[in-house]
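Written below as structure tokens is the structure these notes are about.
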Amino acid sequence: MRVVSNYLRLPQKTFWILDTLAYHAKSMYNVGMYNVRQHYATHRENRQILLGLRPDLTSGVDILV
1 MRVVSNYLRL
11 PQKTFWILDT
21 LAYHAKSMYN
31 VGMYNVRQHY
41 ATHRENRQIL
51 LGLRPDLTSG
61 VDILV
């Protein structure tokens, strides 16, 4: 796998804005993933949704905690 890395010279305010947006995007993803996992653990539904998002979490796992 080849990875391309770019380094941007950004003003401090622009960097702070991008860093804050990335932090909040990560947090929103984690909250959504937590809610899907908790729903699956309690109701045993939506396994296909969880498989589509993170197959590594559900391969061979019966109960997600």
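Under full-length UniProt numbering, the residue at position 2 of the sequence shown is numbered 2, and the numbers go up by one with no gaps. Ideal Cβ positions, reconstructed from N, Cα and C, are used throughout, including at glycine.
Next item on the list: Find out if the Cβ-Cβ distance for the pair L18, L10 is shorter than 9 angstroms.
Entry: A contact, by the Cβ cut-off of 9 angstroms.
Checklist line | Straight-line gap, H24 to M33 (C-alpha atoms, nearest Å) | finding: Whole-angstrom Cα-Cα distance: 14 angstroms.
Next item on the list: In angstroms with no decimal places, state the Cα-to-Cα distance between residue 67 and W16.
Entry: The displayed coordinates of the chain run from 1 to 65. Any statement about residue 67 would go beyond what the structure contains.
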